[in-house]
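If you're matching them up, the sequences are chains W and H in order. Take the first sequence: its position 4, counted from the start at 1, is 4 in the working numbering, and no numbers get skipped. Convert by adding 100 to the 1-based position in the second sequence; the result is the number in the working numbering. Even for Gly, the Cβ is constructed at its ideal location relative to N, Cα and C. Please read these numbers as outputs of a predicted model, since none were measured by experiment.
2 protein chains.
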Amino acid sequence: MVRTPLTPWERQRGERLGALLREARGGRSMVEVAAAAGVSAETLRKIETGRAPTPAFFTVAALAAVLGLPLDDLAAACAESGDEDGRALSA
Amino acid sequence: MVRTPLTPWERQRGERLGALLREARGGRSMVEVAAAAGVSAETLRKIETGRAPTPAFFTVAALAAVLGLPLDDLAAACAESGDEDGRALSA
DNA sequence: CATGACCGTGATACTAATACCGGTATAAGA
DNA sequence: TCTTATACCGGTATTAGTATCACGGTCATG
Numbered sequence: 001m002v003r004t005p006l007t008p009w010e011r012q013r014g015e016r017l018g019a020l021l022r023e024a025r026g027g028r029s030m031v032e033v034a035a036a037a038g039v040s041a042e043t044l045r046k047i048e049t050g051r052a053p054t055p056a057f058f059t060v061a062a063l064a065a066v067l068g069l070p071l072d073d074l075a076a077a078c079a080e081s082g083d084e085d086g087r088a089l090s091a
Numbered sequence: 101m102v103r104t105p106l107t108p109w110e111r112q113r114g115e116r117l118g119a120l121l122r123e124a125r126g127g128r129s130m131v132e133v134a135a136a137a138g139v140s141a142e143t144l145r146k147i148e149t150g151r152a153p154t155p156a157f158f159t160v161a162a163l164a165a166v167l168g169l170p171l172d173d174l175a176a177a178c179a180e181s182g183d184e185d186g187r188a189l190s191a
């Protein structure tokens with residue numbers, strides 16, 4: 001095992017992150033937010049739909065900056081189903 | 101070109117991130133911190149040395165949580181040489 | 001109704017992140 | 001001195017993130 005495939009828990013965490021970003025985006029269009037963050041619209045879409053469950057740190061940071069979301073809040077909200085160690089405790 | 105190769109600016113940003121993490125690690129060993137964050141020691145080493153300039157968001161989040169660093173502080177410190185839009189202004 | 005612009009989406013291509021392995025160097029201790 | 005522990009480094013393998021291309025849907029406008 002060289003590159004651990006993403007666990008279902010990580011997938012769900014990515015979906016939660018995407019949902020938060022989409023919710024924060026509100027009525028603004030993908031292209032607008034993506035352009036403001038400096039990423040492609042397709043990348044933003046993948047992140048929002050959860051198809052990119054573990055995006056790059058600075059990508060999320062740029063999006064959060066554009067959307068006005070604190071990074072710590074994002075991380076906490078996505079990890080609330082389990083702390084940093086308990087990866088798959090129950091939910 | 102489908103996947104933009106990392107720019108020198110992004111490399112330097114990664115080095116800055118790594119330096120901050122290493123500084124926050126203090127005297128603790130890599131394996132200890134890496135284990136606490138749930139990543140391999142090699143990954144932590146690559147991030148600290150800047151050889152993984154754009155790590156995954158949750159990887160950085162886990163490391164920051166272990167090290168007691170606020171994510172927003174990390175992002176701000178790494179992007180202080182230029183905001184989200186100004187990628188390569190000078191320094 | 002046709003056309004174009006915008007938005008979201010799927011497929012594809014390519015680079016990078018993550019993990020494992022072996023080897024090396026330095027410092028501490030037996 | 002030899003062993004051990006820590007960190008660094010190179011290479012390798014595999015998955016995943018990101019960008020470009022091409023398509024369908026919707027709305028405004030001619």
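Would you kindly report the start and end of the unbroken alpha helix (DSSP H) that includes residue i?
{"i": "Pro108 (chain H)", "result": "Pro108 to Arg125"}
{"i": "Ala136 (chain H)", "result": "Met130 to Ala137"}
{"i": "Ala179 (chain H)", "result": "Looking at the DSSP string, Ala179 (chain H) is not in any alpha helix (DSSP H), and its letter there is neither H nor E."}
{"i": "Leu44 (chain W)", "result": "Ala41 to Thr49"}
Would you list the residues sitting across from residue i in a DSSP beta bridge?
{"i": "Ala156 (chain H)", "result": "W:Ala56"}
Less than 8 Å between CB atoms is the rule here; does residue i satisfy it with respect to chain W?
{"i": "Val133 (chain H)", "result": "no"}
{"i": "Thr149 (chain H)", "result": "no"}
{"i": "Ala119 (chain H)", "result": "no"}
{"i": "Ala161 (chain H)", "result": "yes"}
{"i": "Leu167 (chain H)", "result": "no"}
Determine, using beta carbons only, whether residue i comes closer than 8 Å to chain H.
{"i": "Arg13 (chain W)", "result": "yes"}
{"i": "Ala77 (chain W)", "result": "no"}
{"i": "Leu6 (chain W)", "result": "no"}
{"i": "Thr54 (chain W)", "result": "yes"}
{"i": "Leu71 (chain W)", "result": "yes"}
Between residue i and the rest of its own chain, which residues show a CB-CB distance below 7 Å, the 5 nearest in sequence each way excluded?
{"i": "Val131 (chain H)", "result": "Ala141"}
{"i": "Arg145 (chain H)", "result": "Met130"}
{"i": "Glu110 (chain H)", "result": "Pro153 and Thr154"}
{"i": "Gly118 (chain H)", "result": "Ile147, Glu148, Thr149 and Gly150"}
Buried or exposed: residue i, going by 16 or more other Cβ atoms within 10 Å of its Cβ?
{"i": "Glu23 (chain W)", "result": "exposed"}
{"i": "Ala56 (chain W)", "result": "buried"}
{"i": "Leu6 (chain W)", "result": "exposed"}
{"i": "Gly26 (chain W)", "result": "exposed"}
{"i": "Pro108 (chain H)", "result": "exposed"}
{"i": "Arg151 (chain H)", "result": "exposed"}
{"i": "Arg128 (chain H)", "result": "exposed"}
{"i": "Ala113 (chain H)", "result": "Checking the sequence, you will find Arg at residue 113 (chain H) rather than Ala. Buried, by the Cβ-count rule."}
Output needed for residue i: all residues of its chain with C-beta closer than 8 Å, excluding positions within five of it in sequence on either side, in chain order.
{"i": "Leu171 (chain H)", "result": "Val160, Ala161 and Ala164"}
{"i": "Leu20 (chain W)", "result": "Leu69, Leu74, Ala77 and Cys78"}
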